[in-house]
């Protein structure tokens, strides 16, 4: 994840055994997550109803950003854990790795904030997005602006910021990007607050507020039934994101306020830095359980009883032959 550190490695948390365990666990989970991403993407993009559903657009973007983190960022992490050195050991690898790490990680926070806010519009103020103008202003424009903002921000600070990077090919993520050492402190504080702290806390607040509004208006039975899946989808994804990222988010905030480490630095660097990948690993599974009909389609595909029935039907077919 994006909170990269390069402190001295303590033996108790960086033994070959622990590194091997981290590698095996992350590798197995990554392989497990890949086909689920493809299946969820295939279901949404090939189903006209799902593809045109406004509430799925932000989910598609969220899946894309997290799939980039899974396929590129995590793959480079696994290569480094396995070989003990970054391959290929070139500046281009380090630039690409850090861009994918920072952009995908922080963009997911901002997108989740917008998703939490947009659910209130779709559930309680659906009239705002019934016209083409309303859809453009309150649906497409915020999503596009969010993506453009995060893309421009990290292209500038990763590739264009006027400083020299001294990459270490034996350290995860090649060490710090130079802007973290040379940029004004207010820029780093802004990045931490605007891209991580504020989005996460507002996301939690808006999710809780959504629950309260739904409970308060649940007497409108038809209204609740119509939006139940959409609400549960947001809450499930919000819980997933918060659960895996809050330890890494809270610790720097505590240090910023009290100037005291809440969690030991070695634990942050060698444990929590990998826990954050749980979001991109388990996101498609969460979507699988909340997108209508996708779970049923998957179960039908893997239902062994259907294959047995097919084989039985094939056995009943007696091929005809010509006799001389």
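Residue numbers (the numbering used here): 85 to 408.
Cβ atoms here follow ideal geometry from the backbone N, Cα and C, with glycine treated the same way.
Proximity below 7 Å, CB of residue i to CB of residue j
i	j	result
residue 193	residue 280	yes
residue 207	residue 311	yes
residue 234	residue 287	no
residue 139	residue 128	no
residue 222	residue 236	no
residue 256	residue 187	no
residue 113	residue 365	yes
residue 283	residue 197	yes
residue 323	residue 360	no
residue 254	residue 169	yes
residue 203	residue 296	no
residue 126	residue 175	no
Outcome for residue i when other beta-carbon atoms lying within 10 angstroms are tallied against a minimum of 16
i	result
residue 269	exposed
residue 110	buried
residue 101	exposed
residue 357	buried
residue 345	exposed
residue 238	buried
residue 316	exposed
residue 263	buried
residue 318	buried
residue 289	exposed
residue 258	buried
Cβ shell of residue i (< 6 Å), same chain only, five flanking positions each side left out
i	result
residue 320	370, 374
residue 95	Reliability fails at residue 95, whose pLDDT of 47 lies under 50, so the model's placement of it is uncertain and no value is given.
residue 166	107
residue 245	263
Contacting residues, own chain, Cβ-Cβ under 7 Å from residue i (five flanking each side not counted)
i	result
residue 368	117, 120, 121, 124, 147
residue 98	354
residue 300	none
residue 160	181
residue 149	188, 191, 192, 195
residue 242	179, 182, 183, 186, 261
residue 285	none
Range of the contiguous alpha helix (DSSP H) that encloses residue i
i	result
residue 200	175-208
residue 294	282-300
residue 100	100-130
residue 155	Neither: residue 155 is in no alpha helix (DSSP H) and is coded neither H nor E.
Cut-off 8 Å between Cβ atoms - residues of its own chain near residue i, not counting five sequence neighbours on either side
i	result
residue 230	191, 194, 195, 198
What are the complete alpha helix (DSSP H) segments, minimum 4 residues, inside the region 207-292?
-> 216-219, 225-239, 263-266, 269-276
Length at least 3, wholly inside the region 338-362: the beta strand (DSSP E) runs in chain order = none
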